[in-house]
Amino acid sequence: MFNTVQIICASEKDRTILRGIFRNLGTDAVFSLDLNDALAIFEKASPAAVFMVDGEEPPAEIQLRELRRAAPFIPLIPLLKRRDATRAVALMKAGALDCAQAPWTEEELRPICRKALNVSGTTLELDTSALRRRRRAITLGLAAFFAFAGFSGGFYYGFKRFSPRAARPDTFALPYAHPTGLIVKETSALVSDWYSQGLYEHDLKDFGIKRVTSLPEITPVAMTASADALWLAGANGVLEKRLLDARYTPVSKTPAFAPAPDSVCFDGLYFWTADSRTGTIVKRMPGDALAELKSFKYPGKKISALTCDTRFLWAADGGLKALVKLSLEDPERIISRTELGPYASRTLKVAAMAAKNGRIWFAGEDAGKGLVFFVNEPK
1 MFNTVQIICA
11 SEKDRTILRG
21 IFRNLGTDAV
31 FSLDLNDALA
41 IFEKASPAAV
51 FMVDGEEPPA
61 EIQLRELRRA
71 APFIPLIPLL
81 KRRDATRAVA
91 LMKAGALDCA
101 QAPWTEEELR
111 PICRKALNVS
121 GTTLELDTSA
131 LRRRRRAITL
141 GLAAFFAFAG
151 FSGGFYYGFK
161 RFSPRAARPD
171 TFALPYAHPT
181 GLIVKETSAL
191 VSDWYSQGLY
201 EHDLKDFGIK
211 RVTSLPEITP
221 VAMTASADAL
231 WLAGANGVLE
241 KRLLDARYTP
251 VSKTPAFAPA
261 PDSVCFDGLY
271 FWTADSRTGT
281 IVKRMPGDAL
291 AELKSFKYPG
301 KKISALTCDT
311 RFLWAADGGL
321 KALVKLSLED
331 PERIISRTEL
341 GPYASRTLKV
351 AAMAAKNGRI
361 WFAGEDAGKG
371 LVFFVNEPK
């Protein structure tokens, strides 16, 4: 509805205050506890504007970015908990229509709310005009169109009813452009992005975002998981061990490795790191320090990313444009190599890999856009 607004607020006290204010302003307020909750009900709520309380997790900048991707034209207004003109300017540069300063009152929010609803209304009216113009143009061919549509509809219904369902696609577009780490679980996938310093959890069926975790203290360049921990490799060469809790709490750090690895994986017994610039693969002891056991020279042309399972090491080779299978006992020996079709795109840059249930997954960039794709494990 035109007067429906969505409010992202985790604090029950703040929710009570805002509920009364927006009720008096004549709006229908729909509350969400966090960004994930907001995205989950966004389409159903169809808000005319979104208000978010600044200072909660994830940061307002990330909320602005993700909501802008979901609805590019919707007005977004952060609610500042304290007066800060510098902060307000920064958020408006990040995409906010305006910022509401503290303390929150009807007098403070009334003009901002009216402005947001007017902007939303104007946008909808412009879209409706365009649709009306299209309808007038289409009217000239209505008779022929409906005759053809009737025939096509019957044919399509029969085809869909008696034909097998199409296989799911093997490629997914990402709403961010710089993925660096990939972990595939039974029903979801974790992807790290170095530019936004975020960890994104996706539903494995359609790769819709289920949860976003901000990582402001690290620039992740690689990622893997053991049975009880998540491991993140930073741009400084340090690997962080984190708990598998809601916030991925850090528990330990390794010394800075040189060269800094940009791939890391765990085969169930040992950790492996790789550096794409030098083509170095290192086998490491499990433990907080990940002490080096032995170093190997990659035997292919150009290692772009590395992963492993309990049987093999797998590498994406940008020089060979292939998936390369290596031995865990002797990584300097290529067991097999299989051409990768996506490398037909000359702009593809694979940055991360994962192996799960007979599939090899890849994350990377292609023409400035992030993507994830998989291939069945070569026999």
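No gaps in the numbering here: position 169 of the sequence shown is 169 in this note's numbering, and each next residue is one more.
Cβ atoms here follow ideal geometry from the backbone N, Cα and C, with glycine treated the same way.
Next on the checklist: Rounded to the nearest angstrom, what separates Ile-218 and Ser-295 at their Cα positions?
Outcome noted: The alpha-carbon atoms of Ile-218 and Ser-295 are separated by roughly 26 Å.
Checklist entry - Which runs of the beta strand (DSSP E), 3 residues or longer, sit entirely within the segment 47-96? => result Restricted to the segment 47-96, the beta strand (DSSP E) segments that are unbroken, complete and at least 3 residues in length are 49-53, 76-79, listed in chain order.
Checklist entry - Unbroken beta strand (DSSP E) runs of length 3 or more, entirely within the segment 309-361: which are they? => result Runs of the beta strand (DSSP E) lying entirely within the segment 309-361, each at least 3 residues long, are 312-317, 322-327, 334-339, 348-356 in chain order.
Next on the checklist: Taking its Cβ as the centre, do 16 or more other Cβ atoms sit within 10 Å of Ser-263, making it buried, or is it exposed?
Outcome noted: Buried.
Next on the checklist: Cutting at 8 Å between CB atoms, please list the residues of its own chain near Arg-83, excluding the five before and the five after it.
Outcome noted: Same-chain partners within the cutoff: Gln-101, Ala-102.
Checklist entry - With distances taken from CA atoms, which of Val-184, Gly-198, His-178 is nearest Pro-59? => result Checked all of Val-184, Gly-198, His-178; the closest Cα to Pro-59 is Gly-198.
Next on the checklist: I believe Gly-364 touches Lys-349 by the beta-carbon criterion, under 8 Å. Please report the beta-carbon distance rounded to the nearest angstrom.
Outcome noted: Their Cβ separation, rounded to whole angstroms, is 5 Å, which keeps Gly-364 and Lys-349 in contact under 8 Å.
Item to check | Residue closest to Ile-17, alpha-carbon to alpha-carbon, out of Val-282, Phe-374, Val-53, Ser-327 | outcome: Distances from the CA of Ile-17 to each of Val-282, Phe-374, Val-53, Ser-327 were compared; the closest alpha carbon is that of Val-53.
Next on the checklist: Taking the straight line between their C-alpha atoms, what separation do you get for Ser-304 and Ser-327?
Outcome noted: Roughly 18 Å between the two C-alpha positions.
Checklist entry - By Cβ distance below 6 Å, which residues in the same chain neighbour Gly-341 in space, the five residues on each side in sequence not counted? => result Around Gly-341: no qualifying Cβ.
Next on the checklist: Between which residues of its own chain and Gly-319 is the CB-CB distance below 8 Å, once the five residues before and five after are set aside?
Outcome noted: Correct list, in chain order: Gly-300, Lys-301, Lys-302.
Item to check | Residues near Asn-3 by beta carbon distance below 6 Å, same chain, minus five either side | outcome: Excluding sequence neighbours, Asn-3 sits near Thr-27, Asp-28.
Next on the checklist: Let me check understanding here. Comparing Cα to Cα, which of Ile-74, Leu-230, Leu-64 lies closest to Ser-46?
Outcome noted: Of the candidates Ile-74, Leu-230, Leu-64, the one whose C-alpha sits nearest the C-alpha of Ser-46 is Ile-74.
Next on the checklist: In the DSSP assignment, the beta strand (DSSP E) including Thr-273 goes from what residue to what residue?
Outcome noted: Its beta strand (DSSP E) spans residues 271-275.
Checklist entry - Mapping DSSP to helix, strand and coil, what is Gly-121? => result Confidence in Gly-121 is poor, its pLDDT being 46 and thus under 50, which makes the residue's placement unreliable; the coordinate value appears in the next sentence. Helix.
Checklist entry - Buried or exposed: which applies to Met-285, given that a residue is buried once 16 or more other Cβ atoms fall within 10 Å of its Cβ? => result Note on Met-285: under 16 other CB atoms within 10 angstroms of its CB, so exposed under the neighbour-count rule.
Next on the checklist: Counting C-beta neighbours from all protein chains within 10 Å, is the total for Leu-293 16 or more, i.e. buried, or is it exposed?
Outcome noted: Burial check for Leu-293: the Cβ neighbour count within 10 Å stays below 16, so the residue is exposed.
Checklist entry - Is Phe-42 helix, strand or coil when you go by DSSP? => result Of the three classes helix, strand and coil, the one that applies to Phe-42 here is helix, per DSSP.
Item to check | Cα-Cα separation between Thr-249 and Ala-71, rounded to whole angstroms | outcome: If I take the Cα positions, the gap works out to 31 Å.
Checklist entry - Are the beta-carbon atoms belonging to Gly-237 and Phe-257 less than 8 Å from one another? => result Yes.
Item to check | Start and end residues, beta strand (DSSP E) containing Lys-301 | outcome: Per DSSP, Lys-301 is not a residue of any beta strand (DSSP E), being assigned neither H nor E.
Next on the checklist: Could you tell me the alpha carbon to alpha carbon distance between Ala-85 and Gln-63, rounded to whole angstroms?
Outcome noted: Answer to the nearest angstrom: the Cα atoms are 20 Å apart.
Item to check | Distance between Glu-56 and Pro-216 (C-alpha atoms, nearest Å) | outcome: Spanning the two alpha carbons is a distance of roughly 14 Å.
Next on the checklist: Just to confirm my understanding: we take Thr-280, look at its own chain, exclude 5 residues before and 5 after, and list those with CB closer than 8 Å. What are they?
Outcome noted: Only Pro-259, Ala-274, Ser-295, Phe-296, Lys-297, Tyr-298 meet the Cβ criterion.
Item to check | Spatially closest choice to Val-375 from Lys-369, Ala-344, Arg-359, Leu-232, by CA coordinates | outcome: It is Arg-359.
Item to check | Same chain, Cβ closer than 8 Å to Met-92, neighbours up to 5 away in sequence not counted | outcome: Take Met-92, set aside five residues on each side of it, and the residues of its chain with a beta-carbon closer than 8 Å to its own are Asp-98, Cys-99, in chain order.
Item to check | For Asp-37, three-class secondary structure by DSSP | outcome: It is helical.
Item to check | For Thr-280: DSSP bridge partner residues | outcome: Answer by DSSP bridge pairing, in chain order: Asp-275, Lys-297.
Item to check | Whole-number beta carbon distance between Ala-10 and Leu-33, since they are thought to touch under 8 Å | outcome: That belief holds up - the Cβ atoms of Leu-33 and Ala-10 are roughly 5 Å apart, short of 8 Å.
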